[in-house]
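Q:
Numbering (the working numbering), first residue to last: 86 to 250.
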């Protein structure tokens, strides 16, 4: 009995390992392209992504801490940041191209500093007094089904990842 169990277990293990290796190879093949990195005397850009498939990415070299080292342009899209007295928006993305981004300046901790809108896309957050749900997204509504705002939202999250390099 022990011998049959061992053989079955080893076959299942080998099959599982084989499927896992195929899965990893499939994930690794999703992106095909060229990524270049900066080699710079400026610490705000050294080692950061310079271009992806020929689309150039530039970073701010600024005296303002709220924008220094953050993405300045992706291709022809300019990125601007808030230089604000409000900590809830200082250093956060203000616009991507022509699309404006707003943040809540609220007395409610559950929404203060969180995204209020990206173009025509509006965000609402739970504020019910429950520790488990407060501050979590309640709704995201794209008024007029604006495609440019959706593109800006995708770009926003990409920029946030680049700014964390």
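Ideal placement from N, C-alpha and C gives every residue a C-beta, glycine not left out.
(1) Indicate the three-state DSSP secondary structure (helix, strand or coil) for residue 140 in the structure shown.
(2) In angstroms, rounded to a whole number, what distance separates the CA positions of residue 180 and residue 163?
(3) By alpha-carbon positions, which one of 198, 185, 182 and 133 ends up nearest to residue 172?
(4) Closest to residue 232 by C-alpha separation, out of 122, 206 and 133, would be which residue?
(5) Looking only at its chain, what residues have a beta carbon closer than 6 Å to the beta carbon of residue 158, apart from the 5 residues adjacent to it on each side?
(6) Taking the alpha-carbon positions, what's the residue 185 to residue 117 distance?
(7) By Cβ distance, which residues of its chain are closer than 7 Å to residue 123, with the 5 residues on each side in sequence left out?
(8) Let me make sure I understand the geometry here. Which of 156, 139 and 220 has the alpha-carbon closest to that of residue 242?
(9) In the segment 168 to 248, which residue ranges form an unbroken alpha helix (DSSP H) of at least 4 residues, counting only runs that do not cross its ends?
(10) How many angstroms separate the CA atom of residue 191 from the CA atom of residue 213?
(11) CB residue 151 to CB residue 169, shorter than 9 Å?
(12) Given this structure, state the Cα-to-Cα distance separating residue 245 from residue 178, to the nearest angstrom.
(13) Quick check on DSSP: helix, strand or coil for residue 165?
A: The answer reads as follows:
(1) strand
(2) 8 Å
(3) 198
(4) 206
(5) 143
(6) 32 Å
(7) 130, 131, 132, 133 and 135
(8) 156
(9) 232 to 248
(10) 15 Å
(11) yes
(12) 9 Å
(13) strand
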